[in-house]
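Peer 1: What follows is a single structure, and I will ask about it in a moment.
Number of protein chains: 2
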Amino acid sequence: MSESARPDIGSGGPGRGGGRRRFIGVGVGPGDPELVTFKAARVLRTAGVILVPATEASADGPGRAERIIADVVPDGAARIRRIPFSMAQRRGVGARRADSWRASADAAVEAFGSGCRTVAFATVGDPAVFSTFSYLRATLARRMPDVDYELVPGITAMQALAAASTTPLAEGREILALVPATVGPDRLGRLLDVADSAAIYKGGRTLPEVLRALRERGRRAVIGTDVSLPDQRLVDLDEIDADETLPYFSAVLTTPERTITGGRI
Amino acid sequence: MSESARPDIGSGGPGRGGGRRRFIGVGVGPGDPELVTFKAARVLRTAGVILVPATEASADGPGRAERIIADVVPDGAARIRRIPFSMAQRRGVGARRADSWRASADAAVEAFGSGCRTVAFATVGDPAVFSTFSYLRATLARRMPDVDYELVPGITAMQALAAASTTPLAEGREILALVPATVGPDRLGRLLDVADSAAIYKGGRTLPEVLRALRERGRRAVIGTDVSLPDQRLVDLDEIDADETLPYFSAVLTTPERTITGGRI
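Line order of the protein sequences matches chains A and B.
Letter by letter, the first sequence follows residues 1 to 265 of our numbering.
Letter by letter, the second sequence follows residues 1 to 265 of our numbering.
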């Protein structure tokens, strides 16, 4: 955990790692900069270029990943490249999403071309969990087949929500599932019939049908928005209206009623 | 992320947090000390006492959580208390498990009694994911009803395995499940019929039936042991014998075959 490593600012010469070019998906956690790992911080501090998603909602200001990085890598601003990801793209408009991957790949190609050996792509949460990293990787791999890919895990919204509500996600012989609300009510229902706990992502506009599925099964749940940040909101399923929708950075967590050795958890 | 905070070494007087006593489950990640978060490190550096599980396998030496802490909190040794957790207890011998919780609760009661305001319980992975923290909490709550409970999330073995094998856990409309092998083959099979990806924990001695369930469904999978540590082993499902068993710190990850915009991920 040395803090002495210096950024790989492009000089054209081969950098660390025997000259191999590395594209690293870095999970920066749910929002609180303290929930970044030492490894993520080291990679961000040493990468030649850091790509960050910039959404329409953030207009010209920094998005969530960039705000986290500003805290962890205070001198990193000059190495950050904002990639436009509109909220519409996140909702699955295929052609526009491909545009975003292409813009990210363009930025990576440019960074490698200018001599960087290491390019980081910062992602909220974990780069292996509902992240755009793997799409971007596929896009870049077709243009630069000789790049190595790495992942640095990060704390997910689900884990932050469990911590904030002091709710165990899974214990003993329980099954925990992560499911995007976009699977639709039928698959969600089938899943809830076999999983004890579930973290439901991307609830946003489909929240009413998610809540209906939970209520039909007599499930208890907590809904978290901007969890781990100062404006965090935690709401119980009982307190939420049937037709409410949620901001993008929200998650729903349902867990079983537990009575362990006499104490409700 | 101030590094200046000092340990809350018991003096009998009220400490930070207005004198409330805090019992904090701290996730220290899968094994690599770099996969600890800044928050976990801060809590461990400032807690008056740090409880760590000590298994039979580690005999009188440090267990995995303690080895991680030794790296992150080099001057913390005097504040560490080893709690005996035998492997047999982990496998579910009820009375013995209750003994472990009681020993942990005893150590916490003693620490609070000697004036500590903050006691940490370090857990490999995340304290909300198949951790003993919630059992311990229930045991302690009956003895000291006025203690506050907090969780600090940590990187799970599943996330480390995904990173080590550069395998996305879930993307798009996929469902990811975490399941202990101890649910048995029937429930595991039902789950694999609805979940796209699954991380199977506690495979150990039941690995043969887990592998059978995966092979019956034509699933691909990677098996990781001691992931993120120098002696990490990653083995493909194809390369493993049908009757093999696994050490305790192993996980099985099955993901769908993916072909995104032309590239296999």
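The C-beta atom is built at its ideal place from N, Cα and C for all residues, glycine as well.
Could one say the Cβ of TYR135(A) lies closer than 9 Å to chain B's Cβ atoms, at least one of them?
Peer 2: yes
Peer 1: Suppose you measure from the CA of TYR149(A) to the CA of ALA107(A); what does that come to, to the nearest Å?
Peer 2: One C-alpha to the other measures close to 16 Å.
Peer 1: Go through its chain and collect everything with a Cβ distance to VAL43(A)'s Cβ below 7 Å, but skip five positions before and after it.
Peer 2: ILE24, VAL26, ALA120 and VAL152
Peer 1: Counting only the same chain and skipping the five closest in sequence on each side, list residues whose C-beta sits under 8 Å from that of THR123(A).
Peer 2: Here the set comprises GLY25, VAL26, GLY27, VAL28, PRO53, ALA65, SER131, THR132, PHE133 and GLY154.
Peer 1: Is the beta carbon of ALA199(A) sitting closer than 9 Å to the one on VAL179(A)?
Peer 2: yes
Peer 1: Quick one: what's got a C-beta closer than 6 Å to PHE85(A)'s C-beta in the same chain, skipping five residues either side?
Peer 2: Correct list, in chain order: PRO53, THR55 and SER100.
Peer 1: In this structure, what does DSSP give as the bridge partners for ALA251(B)?
Peer 2: TYR201(B) and GLY224(B)
Peer 1: Could you name the residues of the segment 191 to 208 of chain B whose beta carbon sits closer than 7 Å to any beta carbon of chain A, in the order they occur along the chain?
Peer 2: Cβ contacts with chain A: LEU191, VAL194 and ALA195.
Peer 1: Just to make sure I have the definition right: I need the residues of chain A whose C-beta is within less than 7 Å of the C-beta of TYR248(B). Which are they?
Peer 2: Here the premise fails: no neighbours, minimum Cβ distance about 16 Å.
Peer 1: Below 7 Å on C-beta distance, what does ASP241(A) contact in chain B?
Peer 2: Result: empty, since nearest Cβ-Cβ is about 26 Å, beyond 7 Å.
Peer 1: Can you check which of these residues, PHE112(A), PRO256(A), GLY76(A) and ARG220(A), is closest to LEU176(A) by C-alpha distance?
Peer 2: PRO256(A)
Peer 1: State the DSSP-derived secondary structure class of PRO208(A), mapped to helix, strand or coil.
Peer 2: helix
Peer 1: For ASP236(A), return the contacting residues in chain B, with the cut-off set at a CB-CB distance below 8 Å.
Peer 2: Here the premise fails: no neighbours, minimum Cβ distance about 18 Å.
Peer 1: Take ARG258(A) as the anchor and find which of VAL210(A), TYR248(A), THR166(A) and GLY203(A) has the nearest alpha-carbon.
Peer 2: THR166(A)
Peer 1: Touching or not, the segment 157 to 165 of chain A and the segment 217 to 233 of chain A, by the rule of three or more beta carbon pairs under 8 Å?
Peer 2: Touching, yes.
Peer 1: Check ASP236(A) in the structure and name its three-state DSSP category.
Peer 2: strand
Peer 1: Determine whether the Cβ of ALA120(A) lies closer than 9 Å to any Cβ atom of chain B.
Peer 2: no
Peer 1: Quick one: which chain A residues come within Cβ less than 9 Å of THR225(B)?
Peer 2: None at all; the shortest Cβ gap to chain A is about 17 Å.
Peer 1: Compare the Cα-Cα distances from VAL36(B) to each of ALA170(B), ILE69(B), GLY224(B) and ARG219(B) and report the closest residue.
Peer 2: ILE69(B)
Peer 1: From the DSSP secondary-structure annotation, give me the bridge partner or partners of THR37(A).
Peer 2: THR37(B)
Peer 1: List the residues that DSSP assigns as beta-bridge partners of ASP267(B).
Peer 2: No answer is possible for residue 267(B): it lies beyond the span of chain B, which begins at 1 and ends at 265.
Peer 1: Pairs of beta-carbons, one from the segment 188 to 208 of chain B and one from the segment 168 to 175 of chain B, closer than 8 Å: are there three or more?
Peer 2: yes
Peer 1: List the endpoints of the continuous alpha helix (DSSP H) containing THR123(B).
Peer 2: THR123(B) -> not in any alpha helix (DSSP H); beta strand (DSSP E) instead, spanning 118 to 123.
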